[in-house]
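Encoded as structure tokens, the structure appears first; notes follow it.
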Ligand code: BGC
């Protein structure tokens, strides 16, 4: 009788999803609705060390990323907004998944299998980051994987002809929170040959999203070459050595130290680094950033041949972010693992063309430690 009543009590007080006393490491809540009536959800992934990432199904945007400093104090290290309306009102790709083709396509034109395609010229004379309604502005379908490593799978079906691109593209992005790592695993298939270049566009400030400029962060990029550009940021086609230039981050450098030596306006880095000649099967270390005051260290590993380093040069204080913080120039930096800009028009660059029967894959890992 006594045994029976203990069992009964246990059953009554047990959480609905089983007898486990472990806290849930992935939670879902509503984040509002788009003007088209599509519901947007927010997912919070946490690990045992307190690292936490918040992702919304609109644009696959990472809205918050909390990591500990050298004393274990958590800070949110990505720029972003705190409500859907602010994201809908427009923002410079804060935390978003970018595609179908991230970065610039010269004059918004390319030719594939003898046919010319025209994209929206939304960045001066060029096309940038997927067009008017790129993957950063669509609502993705989400499923969760719990267990030891919480993961969020986002799926999106991009229609044949969407934003001017050929072929129906089925895209999947899986965010996984590991011990101290956030990994982003992309895959895609198509029914017609099409260019594909996906990336994650988080702006980081390892002192905290509200901590001011990132100029004093120390950066190392494991690339001896970069792709110089014209004044509209389209690669000239050359692959140059970084040696003797302000683009050399082979050894750790303070980000803002050589701003004065850079050409172009606005001042800052907006540069594609050549990590390797083609995609790698396994992610390899591409960059390492140290924030000296907090001791936070971020390493980026990727399978991609390139990484765009951008220092938030175009931020101008008109973006009011989380908690009303005004994001001024250099408030965050991006390390966007991807293929090179304008690859679709550049014969000497690794190809971004995906054909029917093939699967596009890319994996990038952001790893957080302290020193
Ligand atoms: C580009 C910048 C651009 C920023 C926001 C980066 O990927 O390289 O030129 O201003 O995205 O759109």
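In my numbering, the protein residues as written are 254 to 624.
Ideal Cβ placement from N, Cα and C applies to all residues, glycine included.
DSSP places residue 376 within a strand segment (E or B) once states are collapsed to three.
In terms of Cα proximity to residue 358, the closest of 487, 315 and 553 is 487. Per DSSP, residue 332 lies in no alpha helix (DSSP H) and is assigned neither H nor E. When distances are taken from the beta-carbon of residue 589 to the heavy atoms of the ligand BGC, the shortest one is below 8 angstroms. Assigned with DSSP and collapsed to three states, residue 421 falls in coil, not helix or strand.
Here residue 505 has 471 and 473 as same chain residues with Cβ atoms under 6 angstroms from its own Cβ, once five neighbours each way along the sequence are excluded. Taking a C-beta distance under 9 angstroms as the contact criterion, residue 354 and residue 527 do not qualify as a contact pair. In terms of side-chain proximity, the C-beta atom of residue 512 is found no nearer than 8 angstroms to any non-hydrogen atom of the ligand BGC.
Secondary structure note for residue 360: it is in no beta strand (DSSP E), with a DSSP letter that is neither H nor E.
Here residue 544 is not bridged, per DSSP, to any residue. When rounded, the separation of the alpha-carbon atoms in residue 286 and residue 403 is 25 angstroms. Looking at the DSSP output, residue 438 shares a beta bridge with 427 and 616. In this structure, residue 558 and residue 592 form a Cβ contact; the two beta carbons are roughly 6 angstroms apart against a cut-off of 8 angstroms.
The straight-line gap separating the alpha-carbon atoms of residue 429 and residue 437 is approximately 7 angstroms.
Taking every protein chain shown into account, the CB of residue 503 has fewer than 16 other CB atoms within 10 angstroms, so this residue is exposed. Pairing residue 539 with residue 551, the inter-Cα distance amounts to about 11 angstroms. Following the DSSP letters along the chain, one finds residue 395 inside the beta strand (DSSP E) bounded by residues 394-398. Taken in chain order, the whole beta strand (DSSP E) runs of length 3 or more contained in the segment 287-313 are 292-299 and 305-309. Under the 10 Å beta carbon count, residue 447 is surrounded by 16 or more other beta carbons and is classified as buried. Pairing residue 320 with residue 333 gives a Cβ-Cβ distance that is not under 9 angstroms.
Relative to the non-hydrogen atoms of the ligand BGC, the Cβ of residue 481 never comes closer than 8 angstroms to any of them. Taking C-beta atoms as the reference points, residue 318 and residue 284 fail to come closer than 9 angstroms. Remark: C-beta atoms of residue 508 and residue 586 approach each other more closely than 9 angstroms.
Under the three-state reduction of DSSP, residue 586 is assigned to strand. Residue 310 and residue 289 do not touch by the CB rule: their CB atoms are close to 14 angstroms apart, not below 8 angstroms.
Membership of residue 562 in the beta strand (DSSP E) is indicated by the continuous run 559-563. In this structure, residue 313 lies near residue 407, with their beta-carbon atoms less than 9 angstroms apart.
Distance from the CA of residue 554 to the CA of residue 532, rounded to the nearest whole angstrom, comes to 12 angstroms. By the 16-neighbour rule on beta-carbons within 10 angstroms, residue 575 is buried.
Residue 556 places its beta carbon less than 9 angstroms from that of residue 615.
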